[in-house]
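Trainee: Going by the numbering used here, the sequence shown opens with residue 3, and the numbers climb by one from there. Ideal placement from N, C-alpha and C gives every residue a C-beta, glycine not left out.
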Amino acid sequence: CNMVRLLEGMVKRSFSTGSVDRPRVRHSDANSEILLTRQHQEFLEDRKRMSKKVQAIYLWWHKPVIDQELLQSLPNLKVIANSGVGMDHLDLKLVASFGVKMANAPRAVSSSTADTGMALLLASARRLVEGYHIAMSSGMEYSEADFLGVEVTGATLGIIGMGSIGYKIALRAKAFEMNILYHNRTRRKEQEEQAVGTTYCEKIDGLLQRADFVMVVVSLTPQTHKLIGKREMELMKPTATLINISRGAVVDQEALVTALQTGVIRAAALDVTHPEPLPRDHTLLKLKNVIITPHLGIKTDKATYMITEEAVENILAALNGLPIPSEVLPS
Ligand SMILES: O=C(O)C(=O)CO
Numbered sequence: 003c004n005m006v007r008l009l010e011g012m013v014k015r016s017f018s019t020g021s022v023d024r025p026r027v028r029h030s031d032a033n034s035e036i037l038l039t040r041q042h043q044e045f046l047e048d049r050k051r052m053s054k055k056v057q058a059i060y061l062w063w064h065k066p067v068i069d070q071e072l073l074q075s076l077p078n079l080k081v082i083a084n085s086g087v088g089m090d091h092l093d094l095k096l097v098a099s100f101g102v103k104m105a106n107a108p109r110a111v112s113s114s115t116a117d118t119g120m121a122l123l124l125a126s127a128r129r130l131v132e133g134y135h136i137a138m139s140s141g142m143e144y145s146e147a148d149f150l151g152v153e154v155t156g157a158t159l160g161i162i163g164m165g166s167i168g169y170k171i172a173l174r175a176k177a178f179e180m181n182i183l184y185h186n187r188t189r190r191k192e193q194e195e196q197a198v199g200t201t202y203c204e205k206i207d208g209l210l211q212r213a214d215f216v217m218v219v220v221s222l223t224p225q226t227h228k229l230i231g232k233r234e235m236e237l238m239k240p241t242a243t244l245i246n247i248s249r250g251a252v253v254d255q256e257a258l259v260t261a262l263q264t265g266v267i268r269a270a271a272l273d274v275t276h277p278e279p280l281p282r283d284h285t286l287l288k289l290k291n292v293i294i295t296p297h298l299g300i301k302t303d304k305a306t307y308m309i310t311e312e313a314v315e316n317i318l319a320a321l322n323g324l325p326i327p328s329e330v331l332p333s
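1) Are the segment 291-306 and the segment 104-116 touching, with three or more C-beta to C-beta distances below 8 Å?
2) Going by C-alpha to C-alpha distance, which of C203, L272, D31 and P332 sits closest to V259?
3) From S139 to E132, what distance separates their C-alpha atoms?
4) Apply the 10 Å Cβ neighbour rule to T241 and answer buried if 16 or more other Cβ atoms are within range, or exposed otherwise.
5) Taking 7 Å as the line, does the beta carbon of I245 fall inside it for any heavy atom of ligand 1?
6) Going by other Cβ atoms of all chains shown within 10 Å of its Cβ, with 16 needed for buried, is M308 buried or exposed?
7) Please work out which residues of its chain come closer than 6 Å, Cβ to Cβ, to D23, disregarding the five sequence neighbours upstream and downstream, and give them in chain order.
8) Could you tell me the distance, in whole angstroms, from the CA atom of H29 to the CA atom of G151?
9) Excluding the 5 residues flanking E355 on each side, which residues of the same chain have their C-beta closer than 6 Å to its C-beta?
10) Taking DSSP as the reference, what is the three-state secondary structure of D23?
11) Run the proximity test for I300: is its beta-carbon closer than 7 Å to any non-hydrogen atom belonging to ligand 1?
12) What's the gap between the Cα of I267 and the Cα of Q225?
13) What's the gap between the Cα of D283 and the Cα of D69?
14) Between the segment 153-169 and the segment 185-193, can you find at least three pairs of beta-carbon atoms closer than 8 Å?
15) Below 8 Å CB to CB, which residues in the same chain sit around V56 once its five sequence neighbours on both sides are set aside?
16) Restricting to runs no shorter than 3 residues, where is the beta strand (DSSP E) found entirely within the segment 132-183?
17) Report whether the distance from the Cβ of T115 to the nearest heavy atom of ligand 1 is below 7 Å.
18) A58 lies in the beta strand (DSSP E); which residues open and close that run?
19) Can you tell me which of the three DSSP states K80 falls into?
20) What residue from K290, G11 and V81 has the CA that sits closest to N322's CA?
21) Inspect the beta-carbon positions of P325 and L94 and report whether they are closer than 8 Å.
22) Using a Cβ-based criterion (distance less than 7 Å to any ligand heavy atom), does H297 qualify as near ligand 1?
23) Would you list the residues sitting across from T201 in a DSSP beta bridge?
24) Look at the alpha carbon of E329 and the alpha carbon of A172, and state the distance between them as a whole number of angstroms.
25) So, T158 versus A83, is the Cβ gap smaller than 8 Å?
26) So what's L8 in DSSP terms, helix, strand or just coil?
27) Find the nearest neighbour of V87 within the set G160, A98 and A105, judged by alpha-carbon distance.
28) On the three-state DSSP scale, how would you describe N246?
29) Going by C-alpha distance, which of H135, S53 and E234 is nearest D148?
30) Would you report the Cα separation of A320 and E311, rounded to the nearest angstrom?
31) Is DSSP giving V266 helix, strand or coil here?
32) Is A261 closer than 8 Å to T243 when the C-beta atoms are compared?
33) Quick one: using the 10 Å Cβ neighbour count with 16 as the cut-off for buried, is R51 buried or exposed?
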């Protein structure tokens, strides 16, 4: 618990001091020495000084590149604990080949990320962002017809990926009286029973054809890269909305631009893009039927604490040679 508070305090201090003036936060006592670094470049510099001692890396957010050179320079490294659920920024096989364990934090992030998904769904359905801009620009007349949205109650939500986040989305959607379909590599009977009324679609196509809202929640892997492409968008209803809270590369962004411009689908709401952020002149930033948020996913005060707690649990287990609660194995 002390370690969790210590690390959480360091993360918060690093955020509040900003990355420019005081990017590094240090702690050292009889039992531990911790250095928190915000920028990739500083991470590389710091590791040169600390390399012999480093036993654990807590990856807060996705930045530092863990490559062969880095792994070779850290002979005592035992574990890399990630602050989120997605591990696509790590070469799992490479890390494992150095005998280093890996862990993520699914328990901590599922609620906050599911909330982000629902917030995007509602905002897109009810054209909140367009409405916000009109309301905030003085002197514009409102006309009711301008903001005709889509009714969420009774609509069909298709969830692609029924992990811990997908399940939390199903629970939330149920409270909005939505019909829920899901697709997952393996059927999740337990989740179906708990989130009463979710229907499994063995084939993704059936889900795409029936859903009014398609929410993408899968991890990015070679198998899910561009999982939602031109063909998949063409299967969707022209009135449907695509919501992506997983990784930008799971959706073929060029195909998405065309689909949004030509009315193949109604709208998109994206917490993730490829790359992040998008270049200023990217077409997606100019389309009215798109909402983009800056990968807000997990970011809440409570999740920040819980993520650190889960990471510390994982780190301590690894350092003590115990089973790691959220261990991630290379597939
Ligand atoms: O948990 C993660 O990996 C996320 O990116 C949540 O947005």
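Mentor: Taking the coordinates as given:
1) yes
2) Along the sequence shown, one-based indexing puts residue 259 at 257. Nearest C-alpha to V259: L272.
3) If you number the sequence shown from 1, residue 139 lands on position 137. If you number the sequence shown from 1, residue 132 lands on position 130. If you take the alpha carbons of S139 and E132, they lie about 11 Å apart.
4) Sequence index remark: in the sequence shown, residue 241 carries index 239 (1-based). By the 10 Å Cβ count, T241 comes out exposed.
5) Here residue 245 corresponds to residue number 243 of the sequence shown, with the count starting at 1. It does not: the Cβ of I245 is nowhere closer than 7 Å to a heavy atom of ligand 1.
6) Against the sequence shown, residue 308 aligns to sequence position 306. Classification for M308: buried.
7) The sequence position of residue 23 within the sequence shown is 21, counting from 1. Confidence at D23 is low in this model, with a pLDDT of 44, below 50, so its placement is unreliable and no value can be given for it.
8) Within the sequence shown, residue 29 is the residue found at index 27, counting from 1. Within the sequence shown, residue 151 is the residue found at index 149, counting from 1. The alpha-carbon atoms of H29 and G151 are separated by roughly 51 Å.
9) Missing from the structure shown is residue 355; the chain here goes from 3 to 333 and no further.
10) The residue you call residue 23 lines up with position 21 of the sequence shown. For D23, the predicted structure reports a pLDDT of 44, less than 50, and the residue's modelled location is therefore unreliable. The matter cannot be settled from this model.
11) On the sequence shown, position 298 is the one that residue 300 refers to. Yes, the Cβ of I300 comes within 7 Å of a heavy atom of ligand 1.
12) Here the question's residue 267 lines up with position 265 in the sequence shown. Here the question's residue 225 lines up with position 223 in the sequence shown. Answer to the nearest angstrom: the Cα atoms are 24 Å apart.
13) Here the question's residue 283 lines up with position 281 in the sequence shown. Here the question's residue 69 lines up with position 67 in the sequence shown. Approximately 32 Å, taken between the alpha carbons.
14) yes
15) As a working note, residue 56 is residue 54 in the sequence shown. Hits under 8 Å: R49, L76, N78 and L79.
16) 158-162
17) Position 113 of the sequence shown, counted from the start, is the residue given in the question as residue 115. Correct: T115 has its Cβ closer than 7 Å to ligand 1.
18) The residue labelled residue 58 in the question sits at position 56 within the sequence shown. Taken as a continuous stretch (DSSP letters only), the beta strand (DSSP E) holding A58 covers A58 to L61.
19) As a working mapping, residue 80 is identified with position 78 in the sequence shown. In this structure, DSSP gives K80 a state outside helix and strand, which the three-state scheme calls coil.
20) In the sequence shown, counting from the first residue as 1, residue 322 sits at position 320. N322 has its Cα closest to that of V81, out of K290, G11 and V81.
21) If you number the sequence shown from 1, residue 325 lands on position 323. If you number the sequence shown from 1, residue 94 lands on position 92. Contact flag unset, no.
22) What you label residue 297 is simply residue 295 of the sequence shown in a count that begins at 1. Indeed, a heavy atom of ligand 1 lies less than 7 Å from the Cβ.
23) In the sequence shown, residue 201 corresponds to position 199, counting from 1. T201 is bridged to L183.
24) Here residue 329 refers to the residue found at position 327 of the sequence shown. Here residue 172 refers to the residue found at position 170 of the sequence shown. Rounded to the nearest whole angstrom, the C-alpha separation of E329 and A172 is 25 Å.
25) Taking the first residue of the sequence shown as 1, we reach residue 158 at position 156. Taking the first residue of the sequence shown as 1, we reach residue 83 at position 81. Their beta carbons are not under 8 Å apart, which means T158 does not touch A83 by this criterion.
26) Counted from its first residue, the sequence shown places residue 8 at position 6. DSSP places L8 in helix when its eight states are reduced to three.
27) As a working note, residue 87 is residue 85 in the sequence shown. Comparing Cα-Cα distances from V87 to each of G160, A98 and A105, the minimum goes to A105.
28) For the purposes of this step, residue 246 is identified with residue 244 of the sequence shown, where counting begins at 1. The answer is strand: DSSP assigns N246 an E or B state.
29) Locating residue 148 in the sequence shown gives position 146, counting from the first residue. When only C-alpha atoms are compared, the closest one is H135.
30) Residue 320 sits at position 318 when you count from the first residue of the sequence shown. Residue 311 sits at position 309 when you count from the first residue of the sequence shown. Computed Cα separation, rounded: 14 Å.
31) One-based indexing of the sequence shown puts residue 266 at position 264. Coil, per DSSP.
32) The sequence position of residue 243 within the sequence shown is 241, counting from 1. The sequence position of residue 261 within the sequence shown is 259, counting from 1. Going by C-beta atoms, T243 is not nearer than 8 Å to A261.
33) Your numbering for residue 51 matches position 49 in the sequence shown. The residue is exposed, with fewer than 16 neighbouring Cβ atoms inside 10 Å.
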